[in-house]
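Residue numbers (full-length UniProt numbering): 1 to 84.
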């Protein structure tokens, strides 16, 4: 479930940055602590670097106390004309 969350965060980061529609090329997650259930969590993402069609994205998931539960990094690639 956490990788799906990070994939969504990556998409929102790309959109918020005003970059064209992109797809996830890879996504790596490091789990730091057990993720609690029935707790409000905070997800934050940002673009670390861009290179042409590529956007290297990072994200983190934190509990209400600010503890990092999981970290992710990945590559989003801008679609070419005609790509779905």
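We put the CB at the ideal spot given by N, CA and C, even for glycine.
Bear in mind the structure is a predicted one, so any value in this text is a computation, not a measurement.
Cut-off 7 Å between Cβ atoms - residues of its own chain near residue i, not counting five sequence neighbours on either side
| i | result |
| --- | --- |
| residue 29 | 2, 3, 6, 70 and 72 |
| residue 64 | 39 and 40 |
| residue 14 | 22, 55 and 76 |
| residue 84 | none |
Distance between beta carbons of residue j and residue i, contact taken as under 8 Å
| i | j | result |
| --- | --- | --- |
| residue 53 | residue 77 | 5 Å |
| residue 68 | residue 45 | That belief does not hold up - the Cβ atoms of residue 68 and residue 45 are roughly 13 Å apart, past 8 Å. |
| residue 43 | residue 61 | 5 Å |
Cβ neighbour criterion (16 or more within 10 Å) applied to residue i
| i | result |
| --- | --- |
| residue 18 | exposed |
Cut-off 6 Å between Cβ atoms - residues of its own chain near residue i, not counting five sequence neighbours on either side
| i | result |
| --- | --- |
| residue 79 | 21 |
8 Å CB neighbourhood of residue i in its chain, flanking five on each side removed
| i | result |
| --- | --- |
| residue 12 | 45 |
9 Å Cβ cutoff, residue i in contact with chain B
| i | result |
| --- | --- |
| residue 50 | No chain B is present in this structure, which holds just one protein chain. |
Fully enclosed by the UniProt domain "Thioesterase" (5-69), which beta strand (DSSP E) runs are 3 residues long or longer? Here the runs fully enclosed are 22-31, 42-51 and 54-62.
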